[in-house]
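> A single structure is presented below for examination.
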Amino acid sequence: MAAKKITGKSKLAKSIESKDQTKEQLDLVTPSKKATLKAYRLYNDDIARLKKITATMNRASHRHISETAAIRALLVLGSNASGERLLNALRKTI
């Protein structure tokens, strides 16, 4: 039996070609902000305060709040506070 030459395109080649032609850009979700890592050194009493604040937030919340989320909340509170109030809090820690 003689080998028959295959002419035309296979189903696989057609499907790959059609996928290349029908690529569409869907911007359904905007990319989120990328977090940058920043490390800080805290004293033992600062870590104890952070754990106490996190525990208080966890008691008031219906879901688990991490220490990172607590720090973010404290940053928002600090950005709304006056400079004198922040300096007074800094003096208490020293």
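Here our numbering is used: the first residue of the sequence shown is 326, the next is one more, and so on. For glycine and all other residues, C-beta sits at the position ideal for the given N, C-alpha and C.
Look at the Cβ atom of I378, then the Cβ atom of A395, and state whether they are nearer than 7 angstroms.
Yes. Within cutoff.
> Once the 5 residues before and after I390 are set aside, which same chain residues still bring their CB inside 7 angstroms of it?
Cβ within range, chain order: T379, M382, N383.
> Residues in the same chain with beta-carbon distance under 8 angstroms from L375, minus the five sequence neighbours each way, listed in chain order, please.
Only L367, E392, A395, I396 meet the Cβ criterion.
> How many Å lie between L400 and K339 at the Cα?
Each residue's alpha carbon lies about 56 angstroms from the other.
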